[in-house]
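So the structure is just underneath, and the comments pick up after that.
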Amino acid sequence: MRSFAAPETHFRIEVSKPGDHDGHQVGEPARLECDECGASVPIDGPDGHETAVDELPHSRGCSQRDVKSAWWMDHYAGV
Ligand SMILES: [Zn+2]
Numbered sequence: 001m002r003s004f005a006a007p008e009t010h011f012r013i014e015v016s017k018p019g020d021h022d023g024h025q026v027g028e029p030a031r032l033e034c035d036e037c038g039a040s041v042p043i044d045g046p047d048g049h050e051t052a053v054d055e056l057p058h059s060r061g062c063s064q065r066d067v068k069s070a071w072w073m074d075h076y077a078g079v
């Protein structure tokens with residue numbers, strides 16, 4: 001299994017913790033967070049495919065604003 005951390009981009013996957021009640025199982029990926037500006041978006045459950053790195057509300061000036069779905073697809077397609 002490959003790491004979530006692409007060498008050229010910097011994002012974190014926050015997993016669901018006990019008590020989060022966010023609709024995810026404990027230990028499941030729950031949020032995608034930009035390591036640079038701290039923007040984060042909820043990750044869909046197993047049946048959802050709406051959430052993407054494209055939707056991260058980066059701050060102005062974040063160098064990762066233009067990181068798009070290629071990263072996401074590369075890491076999640078076929079997982
Ligand atoms: Zn950012």
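In UniProt numbering, the protein residues as written are 1 to 79.
For glycine and all other residues, C-beta sits at the position ideal for the given N, C-alpha and C.
Just so it is clear, the structure is predicted and the values come from calculations on it, not from any experiment.
Close beta carbons around residue i, own chain, < 6 Å, minus the five adjacent residues each side
i            : result
histidine 24 : Ser16 and Ala30
proline 42   : Arg31
serine 40    : Arg31 and Glu33
CA-to-CA distance, residue j to residue i, given in whole angstroms
i            : j            : result
residue 80   : arginine 12  : The structure shown does not extend to residue 80, since the chain is modelled only from 1 to 79, so the question has no answer here.
residue 129  : glutamate 36 : Because residue 129 is not part of the residues shown, which for the chain are 1 to 79, the question remains open.
aspartate 22 : proline 57   : 20 Å
aspartate 20 : cysteine 62  : 28 Å
Cβ shell of residue i (< 8 Å), same chain only, five flanking positions each side left out
i          : result
proline 18 : Val26
Sheet register partners of residue i (DSSP bridge)
i           : result
arginine 12 : Glu33
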